[in-house]
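In what follows, a structure is listed as structure tokens, so that the remarks can point back to it.
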Amino acid sequence: MTSFADITGTLEGLAIEVPSWAYGNSGTRFKVFGTPGTPRSVEEKIADAAVVHRHTGLSPTVALHIPWDRVDDYAALRRYAEDQGVGLGTINSNTFQDDDYRLGSLTHVDAGVRRKAVDHHLECLEVMRATGSRDLKIWLADGTNYPGQGDLRGRQDRLADSLAEIYAHLDPEHRLVLEYKFFEPAFYHTDVPDWGTSYAQVSALGPQAVVCLDTGHHAPGTNIEFIVMQLLRLGRLGSFDFNSRFYADDDLIVGAADPFQLFRIMTEVVRGGGLAPESEVALMLDQCHNIEEKIPGQIRSVLNVQEMTARALLVDTDALVGAQESGDVLGANAVLMDAFYTDVRGDLATWRESRGLPADPVAAYAASGHREQIAAERAGGTQLSWT
Ligand code: AOS
Ligand code: ZN
Ligand code: ZN
6 MTSFADITGT LEGLAIEVPS WAYGNSGTRF KVFGTPGTPR SVEEKIADAA
56 VVHRHTGLSP TVALHIPWDR VDDYAALRRY AEDQGVGLGT INSNTFQDDD
106 YRLGSLTHVD AGVRRKAVDH HLECLEVMRA TGSRDLKIWL ADGTNYPGQG
156 DLRGRQDRLA DSLAEIYAHL DPEHRLVLEY KFFEPAFYHT DVPDWGTSYA
206 QVSALGPQAV VCLDTGHHAP GTNIEFIVMQ LLRLGRLGSF DFNSRFYADD
256 DLIVGAADPF QLFRIMTEVV RGGGLAPESE VALMLDQCHN IEEKIPGQIR
306 SVLNVQEMTA RALLVDTDAL VGAQESGDVL GANAVLMDAF YTDVRGDLAT
356 WRESRGLPAD PVAAYAASGH REQIAAERAG GTQLSWT
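Residue numbers for the sequence shown follow the numbering used here, beginning at 6 and rising by one.
Take a look at the structure:
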């Protein structure tokens, strides 16, 4: 049997990067709702991310998005973040909000548009040199809406060429992380629709290229933990974008829609060595808070990951392997379910307090007065939105 005391060492190393865009207003194409105290600058987004880390000890870095978080002086932004108690993490590129990219970016038939898209990624690499970031994360909106609109194979070849040019500019410590998504904004085909395509593209580039698995980017019913296992097995699981979904790419709070799925994913992460000290798998959130408050939403999110990670670490692996090898179908399933049904909330609360953190970070934040403070302080100016 594994006890809670056995897993605290691993839990201590758990780090979940938070996205700068989660602190801005967001919504659907129907409406974007504002929240009092929403950041008006990149610095205020970073300050909010630091509040999440101070309450949870779980989110030591914040991911930036270029151009949404473009500033004149990234070294100064890095110092600002460090003064707040967090580091700057993954740099996310953006080739989906420019008219030039209507028919694609890295895959575009026009060499001039491809040049512009590649150059944008080279700018992101310059940002990374100033921020000290390791990962350049690429999610492409490239795709088509109608059969025949584009040459699927030609687009794939151009993607490979564009990625190779970006890859050639990486520093030795950098990684190129290619995210896949099966649809949206393109609805007939997407150029990086699945883990297999991402894997094929990054494998052709070299060892510094890896795959990002966004939990909301699969068709309903997909066995995501199987993909986690396979990418870990192949040594190409670079990072997670965590969120949860009921229908499409809902970007809701991770663990909210299907905690059992999050448990199964974290079980495969543990099984595949993804939480080992030498692991380079990055855990990140990719979420938007359309109607709920943003800072509590982020606190809830990282706590959900922590809770399901704790349960995954509690799996009695000896008993599980024994049951699997003896063909004990129900016994093996019971071992897994025992861990999933273990309520770790009390142990986690006590452990948090022993480390100088609030036992209940959500309640502590609500009682802290921070919400009222930022609502008053940030009354003027323009609130930032997701874009
Ligand atoms: C888009 O659906 C993806 O999840 C990307 O990770 C995207 O860059 C992120 O949502 C922020 O735009
Ligand atoms: Zn994502
Ligand atoms: Zn997404």
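Where a beta carbon is used, it is the ideal one built from N, C-alpha and C, also for glycine.
Cα separation between residue i and residue j?
{"i": "Ala-253", "j": "Lys-186", "result": "10 Å"}
{"i": "Trp-144", "j": "Asn-97", "result": "8 Å"}
{"i": "His-58", "j": "Phe-247", "result": "17 Å"}
{"i": "Asn-150", "j": "Phe-188", "result": "10 Å"}
{"i": "Pro-406", "j": "Leu-157", "result": "Given that the chain is displayed from residue 6 to residue 392, the structure contains no residue 406 and the question cannot be resolved."}
{"i": "Gly-278", "j": "Leu-237", "result": "8 Å"}
{"i": "Gly-260", "j": "Gln-266", "result": "8 Å"}
{"i": "Gly-148", "j": "Arg-160", "result": "9 Å"}
{"i": "Val-310", "j": "Leu-290", "result": "10 Å"}
{"i": "Arg-75", "j": "His-174", "result": "20 Å"}
{"i": "His-126", "j": "Gln-102", "result": "14 Å"}
{"i": "Val-320", "j": "Leu-288", "result": "20 Å"}
{"i": "Val-207", "j": "Leu-183", "result": "7 Å"}
{"i": "Ala-344", "j": "His-222", "result": "27 Å"}
{"i": "Arg-316", "j": "Leu-108", "result": "45 Å"}
{"i": "Val-349", "j": "Glu-312", "result": "7 Å"}
{"i": "Val-233", "j": "Ile-71", "result": "27 Å"}
{"i": "Ile-270", "j": "Leu-353", "result": "20 Å"}
{"i": "Asn-30", "j": "Lys-50", "result": "11 Å"}
{"i": "Ala-86", "j": "Glu-48", "result": "8 Å"}
{"i": "Glu-283", "j": "Gln-154", "result": "45 Å"}
{"i": "Ser-46", "j": "Gln-388", "result": "8 Å"}
{"i": "Pro-44", "j": "Gly-385", "result": "11 Å"}
{"i": "Pro-190", "j": "Asp-323", "result": "45 Å"}
{"i": "Leu-341", "j": "Phe-9", "result": "16 Å"}
{"i": "Thr-13", "j": "Gly-327", "result": "25 Å"}
{"i": "Ala-81", "j": "Gly-226", "result": "45 Å"}
{"i": "Pro-177", "j": "Gln-235", "result": "25 Å"}
{"i": "Glu-440", "j": "Ala-262", "result": "Residue 440 lies beyond the range of the chain shown here (6 to 392); nothing can be said about it."}
{"i": "Arg-383", "j": "Gly-90", "result": "21 Å"}
{"i": "Ser-373", "j": "Ala-165", "result": "50 Å"}
{"i": "Leu-325", "j": "Ser-331", "result": "10 Å"}
{"i": "Gly-32", "j": "Arg-250", "result": "15 Å"}
{"i": "Ala-281", "j": "Trp-200", "result": "23 Å"}
{"i": "Gly-18", "j": "Glu-298", "result": "27 Å"}
On the DSSP bridge assignment, give the partners of residue i in chain order.
{"i": "Ile-96", "result": "Leu-69 and Leu-141"}
{"i": "Gly-153", "result": "None, per the DSSP bridge assignment."}
{"i": "Ser-390", "result": "Asn-30"}
{"i": "Gly-148", "result": "Thr-195"}
What residue range is occupied by the uninterrupted beta strand (DSSP E) comprising residue i?
{"i": "Ser-244", "result": "242 to 247"}
Say yes only if the C-beta of residue i is nearer than 7 Å to one or more non-hydrogen atoms of ligand 4, and no if none qualify.
{"i": "Asp-147", "result": "Here the bound small molecules are ligand 1, ligand 2 and ligand 3; ligand 4 is not part of this structure."}
Tell me which residues share the same chain as residue i and place their Cβ nearer than 6 Å to its Cβ, disregarding the 5 neighbours each side in the sequence.
{"i": "Val-307", "result": "Ile-21, Thr-61, Leu-63 and Ser-64"}
{"i": "Thr-136", "result": "Tyr-79, Arg-83 and Leu-93"}
{"i": "Pro-41", "result": "Ala-380"}
{"i": "Asp-162", "result": "none"}
{"i": "Arg-167", "result": "Correcting the residue identity first, residue 167 is Ser in this sequence and not Arg. So the list reads Leu-111, Arg-119 and Val-123, once near-sequence residues are dropped."}
{"i": "Ala-364", "result": "Ala-354, Arg-357 and Glu-358"}
{"i": "Gln-329", "result": "Ala-337"}
{"i": "Ala-146", "result": "Phe-101 and Pro-190"}
For residue i, which residues of its own chain have a beta-carbon under 8 Å away from its beta-carbon, when the five flanking residues on both sides are left out?
{"i": "Ile-300", "result": "Tyr-28, Asp-53, Val-56, Val-57, Tyr-370, His-375 and Arg-376"}
{"i": "Arg-180", "result": "Arg-139, Asp-140, Leu-141, Gln-213, Ala-214, Val-215, Gly-243 and Glu-285"}
{"i": "Gln-292", "result": "Pro-24, Ala-27, Phe-247, Asn-248, Asp-256, Leu-257, Ile-258, Val-259, Gly-302, Gln-303 and Ser-306"}
{"i": "Tyr-193", "result": "Gly-148, Thr-149, Asn-150, Tyr-151, Pro-152 and Gln-154"}
{"i": "Asn-210", "result": "The displayed chain sequence assigns Leu, not Asn, to residue 210. These residues qualify, in order along the chain: Leu-168, Ala-169, Tyr-172 and Leu-181."}
{"i": "Ser-203", "result": "Leu-183, Glu-184, Tyr-185, Val-197, Val-216 and Cys-217"}
{"i": "Ala-224", "result": "Phe-187"}
Using a C-beta cutoff of 8 Å, does residue i count as contacting chain C?
{"i": "Val-47", "result": "Judged by its chain identifiers, the structure shown contains no chain C, having just a single protein chain."}
How is the alpha helix (DSSP H) around residue i delimited, first residue to last?
{"i": "Phe-265", "result": "264 to 276"}
{"i": "Val-259", "result": "Careful: Val-259 lies outside any alpha helix (DSSP H) and carries neither H nor E."}
{"i": "Thr-43", "result": "Thr-43 -> no alpha helix (DSSP H), and no H or E assigned at all."}
{"i": "Ala-54", "result": "47 to 61"}
{"i": "Ala-381", "result": "375 to 382"}
For residue i, collect the residues of the same chain with a Cβ closer than 7 Å to its Cβ; drop the 5 residues on either side in sequence, then sort them by chain order.
{"i": "Asp-105", "result": "Val-118 and Lys-121"}
{"i": "Met-133", "result": "Ile-96, Leu-141 and His-179"}
{"i": "Val-367", "result": "Pro-301, Ile-304 and Arg-305"}
{"i": "Val-37", "result": "Asn-30, Ser-31 and Ser-390"}
Q. Quick one: complete beta strand (DSSP E) runs, 3+ long, within the stretch 6 to 37?
A. 21 to 24
Q) In chain order, which beta strand (DSSP E) runs of at least 3 residues are fully inside the stretch 278 to 316? A) 287 to 290
**Q.** Contiguous alpha helix (DSSP H) assignments of at least 4 residues, all confined to the stretch 162 to 229
**A.** 200 to 210
Q: May I have a chain-ordered list of the alpha helix (DSSP H) segments no shorter than 4 residues that lie completely inside the stretch 74 to 138?
A: 79 to 89 and 116 to 136
Q: Only counting runs of 4 or more residues, tell me where the alpha helix (DSSP H) segments fall wholly within the stretch 309 to 372, in order along the chain.
A: 322 to 330, 334 to 345 and 350 to 359
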